[in-house]
Amino acid sequence: MKRKLLKGRKIWSALPMLLLMGVIFSFSAKTAVESSRSSNVIVDVLMDEHLIGGVAKDPEKVRELLSFLVRKSAHMAEFAVLAMLALFWLSSFPMTYRRRCILAVLISACYAATDEFHQLFVPGRSGEVRDVLVDTAGAVIGILFLSLLRFIIIRKKKKQEAVIPGL
């Protein structure tokens, strides 16, 4: 009975990670024009005359820079979440926390590489090593964030146990 529960947990805990991989795949399947249109919605808001557009000396250069930053930030955020979900899935396996963290980053980095390879076959898109590095950096940031939270929680619990022995 316990074996079935553990096996079920391994399968169910993988679903969020696999769903996000599907979402990332669908984003990568968009042509360059469709992809730019999506990210430019945020750029347009930032370039509004009341925000950046009214004070920019060269609005086109600012737009180009903002577009780059928005796209790379989105990549990092996607892969930060992917690494967190991979860590969640890996928590259903008996291994050290450090090993789970390393594997979560490796899974994310490998998926980033396959994602860039996939983009080679999408009109107007290209596979960039730089994007694999940006995605992997996002994965590392996601794992570092969770590790910091974990550290704070463990430390807080230890302090509470020291104050009230036996709890």
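Taking this note's numbering as reference, the numbering of the sequence shown is continuous, increasing by one, and the terminal residue is 176.
Heads up, the beta-carbon is just placed ideally off N, CA and C, and yes, glycines get one too.
Quick caveat, the model's predicted, so the values are computed rather than measured.
For the pair of segments examined, the stretch 92-100 was found to touch the stretch 21-39: the number of CB pairs separated by less than 8 angstroms reaches three.
In this structure, the straight-line span from the alpha carbon of Lys-70 to that of Phe-77 is close to 11 angstroms. Three or more Cβ pairs drawn from the stretch 125-139 and the stretch 38-56 lie within less than 8 angstroms of each other, which places the two stretches in contact. Taking a cut-off of 8 angstroms on C-beta distances, the stretch 47-59 does not touch the stretch 144-162, as fewer than three cross pairs fall below it. Taking the C-beta atoms as reference points, Gly-31 is found no nearer than 8 angstroms to Ala-92. If you check the CB distance, Ala-121 and Phe-88 come in under 8 angstroms. In the displayed model, Thr-105 falls within coil according to three-state DSSP, outside both helix and strand. Under a 10 Å Cβ-count criterion, Asp-140 is classified as buried, with 16 or more other Cβ atoms of the shown protein chains found around its own Cβ. For Asp-144, the enclosing alpha helix (DSSP H) starts and ends at 138-172.
Comparing C-alpha distances from Ser-48 to each of Gly-17, Lys-66 and Ser-82 shows the shortest one belongs to Ser-82. For Lys-66 and Met-85, the gap between their C-alpha atoms comes out near 29 angstroms.
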